Amino acid sequence: MTIVPVMSLARHTFIDALRERAFVVLGLFLVVILVAARLLSPLALGEGRRVTLDVGLASVGFFGFLLVALLGTRMVHKEIDCKTILVLLSKPIRRSEFVLGKFLGLVTVVAVSLIAMLLMLAGILLTSGYEFDATLAVAGYYAFLELLIMAALAMFLTAFTSPVLSTFFLMGLFVAGHLSGSLIEMAQLLPNACAAKMLEAIFYVLPRLDLYSYTLEVVHGLPVDGGQLLWATSYAVIYSVGVLLLSVLILRSREFS
Amino acid sequence: MRAECDQLLILDKISKTFTTGFRRRKVPVLRDVSLTLGRGEVFGLLGPNGAGKTTLMKIALGLVRPSSGRGLLLGGPLGDLQARERVGFQPEQPYLYPGLTAGETLDLMAGLSRLSRARTAARIDRVAEQCSLGKYLRTPVRKLSRGWLQRLTLACALLSDPELLLLDEPLGGLDPEARLAVKDLILSLRAEGKTVMVSSHILPDVEALADRVALLRDGVIIASGRISELLGSGSEGVEVEIECQRPIQLPEFCTLARERVASNRARWLVPGDDPARLQHVLASLLRQGASIHAITPQRRDLEAFFTQAMERARTEAEGSAWNSVEVAS
């Protein structure tokens, strides 16, 4: 794998995405939500900080997910549909470099958006006179790891389905991923061993997004657990690499007529 | 091996069948296509829509896998990564990112072509000059007209200074001035020793550019070779425009070339390029009191050859279809 074409593709994917209208619309919606949280917090009977943080972090996560769903699920499909992939793959670029370049471009958009959203939230907390500490940045990092997994899944889905179906499946995986922790508990309760094994297999295939909920720790100012952070980071990287490898396999088998 | 290096593209009995639809219907697109591209030549790929020209280029680039047959691209397998570093491809339609500017598009393509930062700047300047894109480098792709988009895709193909260029309808959508500029550019590339494969519907342009051509119909090469060989002497005969006051008799081989020009004027075609035959006809005309207004040699061009070859192939295909029916019944 060569770094020059990957970085070039990532850079221009980022530039192209920033000029997408969907990006601007999402940004405006986020501003509206955060301002609403700021205006409503005095009504929360002394729980203004908690409400602002709850709504703020939930909005950051949700808008990050929407961004991945809107941009990510069209990323490869749009290239195939608009046939820009013909021009790209006629150049000396491997399909694995193509997938990685597009993925890194998407992840950069997500990272920049997350930083902007967190800065906005921090600004609202500051102007409201509410305290916050470095755990807010850790929450942002956890949100980034979760979106990294979702971005890889979006790339995988968009390699073989339409954007509408990709979005649909991605939403399903997002919900299932947050509930995946319960699957293993459910498997232990099942009387049928075969069904329990199946549920266990599904647990290992689904992304463990429950690892990335960090709102409670931020609200209560709990100390950062280094071990959990390392585990969450490793899981996100390994899961994303695995999913991206599957995307490469799918793209390698495809012809572009 | 050396011989192979002089042949930049070798396609040997390439066939391609696409499977489409829910019922997995098989659609043959190419059948036993063999051709070679030598260094420093312009090769014209001609054929109606759906003949398989674009598929052939995509097979060379590895975007589509052949169903059977084999080939070499710059000495490596078809679609080989190292070979693609030395190939430029211009697709039929300008498939580009509308959100990027022309300059950003070229920068992206330079990155994908693995050019260093220093070389990128120099090459962008060079191709912008070659394709007269200089003043549009900061313009978003979505705001460029079809002609400028066509030039931009050509610039993208030229960016890595490739040895082999595969240009799919490079003259489509261009105004006459731009067409002339692109034709000049292709000829200058040939003068630099580059090899160019051009697919086009505009036959006079191909005739002006190409050293050799191949005619594709329904995925089969029905004729190929040097244009001069295909057109033969190039002479279809001589057109004689005469004026006469009374009916005249002409040898049977002469045919009325066009509609009567005026009530007492007509154009006759004397087929072949035998000067003795022409002299015989002219003497006969003068003897009968006709006055000769013009003698114009009629040259057979690629367009006429293309039409005749297509017609011949169609007739043969229909004939074989009838034979099949007879055999079956």
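Protein sequence lines correspond, in order, to chains A and B.
Per the numbering used here, numbering of the first sequence is gapless, rising by one per residue and ending at 262.
Per the numbering used here, numbering of the second sequence is gapless, rising by one per residue and ending at 789.
Quick reminder that beta carbons are idealized off the backbone N, C-alpha and C, glycines included.
All of these numbers come straight from a predicted model, not from anything done at the bench.
Could you round the C-beta distance between B:I474 and B:L490 to whole angstroms and report it? I think they count as a contact, below 8 Å. Position 14 of the second sequence, counted from the first residue, corresponds to residue 474 of chain B. Position 30 of the second sequence, counted from the first residue, corresponds to residue 490 of chain B. B:I474 to B:L490, Cβ: 6 Å. Contact.
Would you list, in sequence order, the uninterrupted beta strand (DSSP E) runs of no fewer than 3 residues that lie entirely inside the region 650-738 of chain B? 655-659, 672-677, 680-686, 695-703 and 725-731
Note down, in chain order, every chain A residue with its Cβ under 7 Å from the Cβ of B:S573. Numbered from its first residue, the second sequence carries residue 573 of chain B at position 113. Result: K96 and P97.
State buried or exposed for B:A683, treating a residue as buried only when at least 16 other CB atoms are found within 10 Å of its CB. Reading the second sequence from its first residue, position 223 is the one you call residue 683 of chain B. The residue is buried, with at least 16 neighbouring Cβ atoms inside 10 Å.
To which residues of the same chain is A:S218 closer than 8 Å at the C-beta, ignoring the five residues directly before and after it? Position 213 of the first sequence, counting from 1, holds the residue named residue 218 of chain A. Same-chain partners within the cutoff: Y147 and H183.
Using CA atoms only, rank isn't needed, just tell me which of B:E689, B:A674 and B:V741 is closest to B:V700. Indexing the second sequence from 1 puts residue 700 of chain B at position 240. The shortest C-alpha separation from B:V700 is found at B:V741.
Residue from A:V29, A:G231, A:G134 and A:L109 whose Cα sits closest to the Cα of A:V9: Along the first sequence, one-based indexing puts residue 9 of chain A at 4. The shortest C-alpha separation from A:V9 is found at A:L109.
Mapping the DSSP letters down to three states, classify A:K96 as helix, strand or coil. Counting from 1 along the first sequence, the entry for residue 96 of chain A is found at position 91. A:K96: coil per DSSP, three-state reduction.
Contact between the region 182-201 of chain A and the region 209-216 of chain A (3+ Cβ pairs under 8 Å): yes
Do B:K513 and B:S659 have their C-beta atoms closer together than 8 Å? What you label residue 513 of chain B is simply residue 53 of the second sequence in a count that begins at 1. What you label residue 659 of chain B is simply residue 199 of the second sequence in a count that begins at 1. It is a contact, given that the beta carbons lie within the stated cut-off.
Whether B:R484 touches A:P97 by CB criterion (8 Å): Stepping through the second sequence from its first residue, residue 484 of chain B is reached at position 24. Stepping through the first sequence from its first residue, residue 97 of chain A is reached at position 92. Taking 8 Å as the Cβ cut-off, B:R484 and A:P97 do not qualify as a contacting pair.
Where B:M569 meets chain A, residues with beta-carbon distance less than 8 Å: Sequence index remark: in the second sequence, residue 569 of chain B carries index 109 (1-based). The answer, in chain order, is V92 and K96.
Could you round the C-beta distance between B:L572 and B:F549 to whole angstroms and report it? I think they count as a contact, below 8 Å. Locating residue 572 of chain B in the second sequence gives position 112, where the first residue counts as 1. Locating residue 549 of chain B in the second sequence gives position 89, where the first residue counts as 1. With a Cβ gap of about 12 Å, B:L572 and B:F549 do not count as contacting.
Does the Cβ-Cβ distance between A:L111 and A:L76 come in under 8 Å? On the first sequence, position 106 is the one that residue 111 of chain A refers to. On the first sequence, position 71 is the one that residue 76 of chain A refers to. Yes. Within cutoff.
Reducing DSSP to helix, strand and coil, say where B:S751 ends up. Counted from its first residue, the second sequence places residue 751 of chain B at position 291. B:S751: strand per DSSP, three-state reduction.
Please work out which residues of its chain come closer than 6 Å, Cβ to Cβ, to B:D671, disregarding the five sequence neighbours upstream and downstream, and give them in chain order. Locating residue 671 of chain B in the second sequence gives position 211, counting from the first residue. Once the five neighbours on either side are set aside, the close Cβ partners of B:D671 are E501 and V502.
Could you round the C-beta distance between B:L568 and A:H17 to whole angstroms and report it? I think they count as a contact, below 8 Å. Within the second sequence, residue 568 of chain B is the residue found at index 108, counting from 1. Within the first sequence, residue 17 of chain A is the residue found at index 12, counting from 1. Between A:H17 and B:L568 the Cβ distance is about 4 Å, and since that is below 8 Å, they are a contact.
Go ahead and label A:A15 buried or exposed: buried means 16 or more other beta carbons lie within 10 angstroms of its beta carbon, across all protein chains shown. Here residue 15 of chain A corresponds to residue number 10 of the first sequence, with the count starting at 1. Buried is the call here.
For a minimum of 4 consecutive residues, which ranges assigned as the alpha helix (DSSP H) are wholly contained in the region 584-624 of chain B? 606-618
Span of the beta strand (DSSP E) holding B:L497? Along the second sequence, one-based indexing puts residue 497 of chain B at 37. R485 to G498 is the span of the beta strand (DSSP E), which, as asked, contains B:L497.
Do A:I261 and B:L729 have their C-beta atoms within less than 8 Å of each other? As a working note, residue 261 of chain A is residue 256 in the first sequence. As a working note, residue 729 of chain B is residue 269 in the second sequence. Going by the sequence as given, residue 261 of chain A is Phe instead of Ile. No, these two residues do not count as a Cβ contact at 8 Å.
Beta-carbon proximity of B:D472 to B:G531, cut-off 8 Å: Sequence index remark: in the second sequence, residue 472 of chain B carries index 12 (1-based). Sequence index remark: in the second sequence, residue 531 of chain B carries index 71 (1-based). It is a contact, given that the beta carbons lie within the stated cut-off.
Cβ-based neighbour list, B:F765, same chain, cut-off 7 Å, excluding 5 preceding and 5 following: Taking the first residue of the second sequence as position 1, residue 765 of chain B is located at position 305. Cβ within range, chain order: L690 and L691.
My understanding is that A:L259 touches A:Y135, with C-beta atoms under 8 Å, so please give their C-beta distance in whole angstroms. Numbered from 1 along the first sequence, position 254 holds the residue referred to as residue 259 of chain A. Numbered from 1 along the first sequence, position 130 holds the residue referred to as residue 135 of chain A. This sequence places Arg at residue 259 of chain A; Leu is not what is there. That belief does not hold up - the Cβ atoms of A:R259 and A:Y135 are roughly 51 Å apart, past 8 Å.
Could you check what DSSP says for B:V785 in three-state terms: helix, strand or coil? What you label residue 785 of chain B is simply residue 325 of the second sequence in a count that begins at 1. Confidence at B:V785 is low in this model, with a pLDDT of 45, below 50, so the placement of that residue should be treated as unreliable; the coordinate-derived value is given next. Reduced to three states, the DSSP call for B:V785 is helix.
For B:V524, return the contacting residues in chain D, with the cut-off set at a CB-CB distance below 8 Å. Although the question refers to chain D, the structure presented lacks it and instead comprises the protein chains A and B.
Examine chain B for any beta-carbon lying closer than 8 Å to the beta-carbon of A:S167, and answer yes or no. By 1-based counting over the first sequence, the position of residue 167 of chain A is 162. It does not; no Cβ of chain B falls within 8 Å.
Coarse secondary structure for B:V524, derived from DSSP in three states: Counting from one through the second sequence, the residue named residue 524 of chain B turns up at place 64. In this structure, B:V524 counts as coil in the three-state DSSP scheme.
With 16 other CB atoms within 10 Å as the buried threshold, where does B:D635 fall? For the purposes of this step, residue 635 of chain B is taken as residue 175 along the second sequence, with counting starting at 1. B:D635 is exposed by the Cβ-count criterion.
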